[in-house]
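The block underneath contains the structure these notes are about, expressed in structure tokens.
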Amino acid sequence: MKKIKLFDPAIDEREVKKAVKTLMSGFWASGAGGGQVQEFEKNFKKFINSKSCVSVNSGTAALHLAAALCDIKGKEVILPSLSFVSTAHAIMYNGGIPVFVDVNPHTLCIDPEEIKKKISKKTRCIIPVHFGGMPADIKKIQKLSNSNIMIIEDAAHACGSEFNGKKIGSHGDFVCFSFHPVKNLAMPTGGLISINSHNYKKITEDLKSKRWCGISNRKYADYDVDKIGWNFYMNELSAAIGLVQLQKIKKMNNKRKSIAKIYDKELNASKKIPFTSTCAYHLYWICVRDRKIFRKKLLEKGIETGTHYKPIHQMSLYKKSVKLPLTEKIAKEIVTIPIHPNLTESQIDYIVKTANRFS
Ligand SMILES: Cc1ncc(COP(=O)(O)O)c(C=O)c1O
78 MKKIKLFDPA
88 IDEREVKKAV
98 KTLMSGFWAS
108 GAGGGQVQEF
118 EKNFKKFINS
128 KSCVSVNSGT
138 AALHLAAALC
148 DIKGKEVILP
158 SLSFVSTAHA
168 IMYNGGIPVF
178 VDVNPHTLCI
188 DPEEIKKKIS
198 KKTRCIIPVH
208 FGGMPADIKK
218 IQKLSNSNIM
228 IIEDAAHACG
238 SEFNGKKIGS
248 HGDFVCFSFH
258 PVKNLAMPTG
268 GLISINSHNY
278 KKITEDLKSK
288 RWCGISNRKY
298 ADYDVDKIGW
308 NFYMNELSAA
318 IGLVQLQKIK
328 KMNNKRKSIA
338 KIYDKELNAS
348 KKIPFTSTCA
358 YHLYWICVRD
368 RKIFRKKLLE
378 KGIETGTHYK
388 PIHQMSLYKK
398 SVKLPLTEKI
408 AKEIVTIPIH
418 PNLTESQIDY
428 IVKTANRFS
């Protein structure tokens, strides 16, 4: 039997054709961000209905640049510990101080009540993560911000998720997406920052310069460099694949939701991600009593599973005396099971039966 993968990008001949065409064109990348990169930004902006979009070469780069806009050096930044480590690295790259807080036990998104307890005079920024695609309560979190406290949403899991009837990416000042191959919208590598702040035009220019080594004021062959920048621009091959994926995202996310609905009804796990049509279900998590045995048994039966995530505050780089009881408990029990658009009906049925047998 073929192994059922935990993640599997859904591609067909359309992505293949576009990728080959791009390779044959010889135009593979441009720091100036023209060509298909620009087209992808335009189409993604329309998809999420945001004011502006700047693409980059990873979700990590998107978070890095967004944090670079928030003047966090020596200041505290509040984030959940239950996330991929890039959420915290973005703070460290910019000289900020990560302050980890606990999550809501139902959604596993950052708990606004816990944020309140950790806000201090040194707080400069909050980074909620839309965990697994489940929208964090941005409205409550926005109420905690002020002219001194900015919000960067980590929407790496939330391409196509919605909050209050609008797509994630259209609410906050800075919203960061990842298009890593495992994500709902897959590219070889890619990311994007959606900008909705009042000064979005200026910020867009600033980000475009920062993603290409600080280059600005380009006129013909002449240009200036007036700030430090990075080599973070998206390449044409990623954009080409992303453009096709964007045409299919609604259908792919609907498939994820239909699988989530079946899992919600049929999985016996004591605790699992809630079902809601506003979640894009990048991940489907359940809690099990003995994760080691559960994962081993499922692998023996040909089903890949994952652990998302080991909490960041338990990594040696970030180790602190902070206690996060819910995060620490969940982190021992959480397992992610396959929920990608390539799953067949019989595979979904098999996953349900096998998970129920060993959970
Ligand atoms: C929550 C979260 N934030 C950020 C990232 C970083 O994205 P990328 O891998 O595209 O750099 C990821 C990727 O796995 C993620 O899951």
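Using this note's numbering, the first residue of the sequence shown is number 78, and each one after it goes up by one.
Cβ atoms here follow ideal geometry from the backbone N, Cα and C, with glycine treated the same way.
Note that the structure is a prediction, hence the values are computed from the model and not measured.
Contact check, residue i vs residue j under 8 Å by CB: the rounded distance?
{"i": "W289", "j": "G306", "result": "6 Å"}
{"i": "H183", "j": "G209", "result": "The pair is not a contact, with the Cβ atoms about 12 Å apart (cut-off 8 Å)."}
{"i": "N134", "j": "K243", "result": "Rounded, the Cβ-Cβ distance is 27 Å, inconsistent with contact."}
{"i": "E381", "j": "K82", "result": "5 Å"}
{"i": "L159", "j": "A408", "result": "7 Å"}
{"i": "D231", "j": "I204", "result": "6 Å"}
{"i": "V365", "j": "V412", "result": "6 Å"}
{"i": "H141", "j": "A106", "result": "Incorrect: roughly 19 Å between the Cβ atoms, too far for contact."}
{"i": "G379", "j": "M101", "result": "So it is not a contact: roughly 38 Å between Cβ atoms."}
{"i": "S359", "j": "K260", "result": "Sequence inspection shows His at residue 359; the Ser mentioned does not correspond to that position. About 6 Å; that satisfies the 8 Å criterion."}
If you compare alpha carbons, which of the options is closest to residue i?
{"i": "I416", "options": "R91, S335, N433, I280", "result": "S335"}
{"i": "K304", "options": "N312, K285, A316, Y310", "result": "K285"}
{"i": "A317", "options": "H183, F84, I88", "result": "I88"}
{"i": "N330", "options": "D231, N276, M211, N134", "result": "M211"}
{"i": "H275", "options": "A337, L403, K397, S129", "result": "S129"}
{"i": "N120", "options": "L269, E405, S423, D214", "result": "L269"}
{"i": "M392", "options": "F161, K217, R91, L185", "result": "F161"}
{"i": "W362", "options": "P418, I414, Y427, K122", "result": "I414"}
{"i": "A337", "options": "E422, G136, Y386, E405", "result": "E422"}
{"i": "R157", "options": "V93, L401, T384", "result": "Reading off the sequence, residue 157 comes out as Pro, not Arg. For P157, the nearest C-alpha among the options comes from L401."}
{"i": "T431", "options": "I245, L344, N223, F124", "result": "L344"}
{"i": "I187", "options": "F240, F124, H359, T404", "result": "T404"}
{"i": "H207", "options": "K369, V321, I245, I272", "result": "I245"}
{"i": "N181", "options": "F124, L420, K406", "result": "K406"}
{"i": "S238", "options": "K198, F124, N273", "result": "F124"}
{"i": "I272", "options": "A143, E410, G110, K369", "result": "A143"}
{"i": "G110", "options": "M169, R295, E377, K198", "result": "R295"}
{"i": "D367", "options": "F240, E410, C236, N241", "result": "E410"}
{"i": "N223", "options": "C147, M169, L420, Y427", "result": "C147"}
Take residue i and list the residues in its own chain whose beta-carbon comes closer than 7 Å to its own, dropping the five residues that flank it on each side.
{"i": "G319", "result": "F117, F256, L262, M264, G267"}
{"i": "S354", "result": "K334"}
{"i": "Y395", "result": "A165, P175, I389"}
{"i": "P189", "result": "D214, K217, I218, L221"}
{"i": "P86", "result": "P258, A263"}
{"i": "G136", "result": "S163, A233, C253, F254, S255, H257, G268"}
{"i": "Y277", "result": "K128, S129"}
{"i": "F352", "result": "A337, K338, D341"}
{"i": "K387", "result": "A408"}
{"i": "K80", "result": "G379, E381"}
With a CB to CB cut of under 6 Å and the five nearest residues on each side skipped, what residues in its chain are close to residue i?
{"i": "F435", "result": "F371, K374"}
{"i": "I149", "result": "N171, G173, R201, C202"}
{"i": "E191", "result": "V178, D179"}
{"i": "Y309", "result": "Note that residue 309 corresponds to Phe in the displayed sequence, not to Tyr. Counting only Cβ-Cβ distances below 6 Å, and skipping sequence neighbours, we find V133, N134, A138, R288."}
{"i": "N114", "result": "Checking the sequence, you will find Val at residue 114 rather than Asn. S132, M311, A316, listed in sequence order."}
{"i": "K332", "result": "P418"}
{"i": "G383", "result": "L83, T413"}
{"i": "K122", "result": "C130"}
{"i": "A145", "result": "N171"}
{"i": "R91", "result": "V321"}
{"i": "N433", "result": "N345"}
{"i": "V93", "result": "none"}
{"i": "F240", "result": "P212, I215"}
{"i": "V399", "result": "F177, H390"}
Which same chain residues, not among the five before or five after residue i, have their C-beta less than 8 Å away from its C-beta?
{"i": "T200", "result": "K152, E153, V154, I155, V176, N225, I226"}
{"i": "Q219", "result": "I228, H248, G249"}
{"i": "I292", "result": "G108, S286, Y300, D301, V302, G306"}
{"i": "K397", "result": "F177, H390"}
{"i": "F104", "result": "G112, E313"}
{"i": "I339", "result": "I425, V429"}
Report whether the distance from the Cβ of residue i to the nearest heavy atom of ligand 2 is below 8 Å.
{"i": "T413", "result": "Ligand 2 is absent from the structure shown, which contains only ligand 1."}
Contact between the region 157-174 and the region 325-335 is defined here as three or more beta-carbon pairs at a separation below 8 Å; is this criterion met? no
With contact counted as at least three CB pairs below 8 Å, one residue from each stretch, are the region 95-105 and the region 295-308 in contact? no
Is the region 247-254 in contact with the region 211-228, if contact means three or more CB pairs nearer than 8 Å? yes
I want to know whether the region 344-359 touches the region 272-283 - three or more CB-CB distances under 8 Å. no
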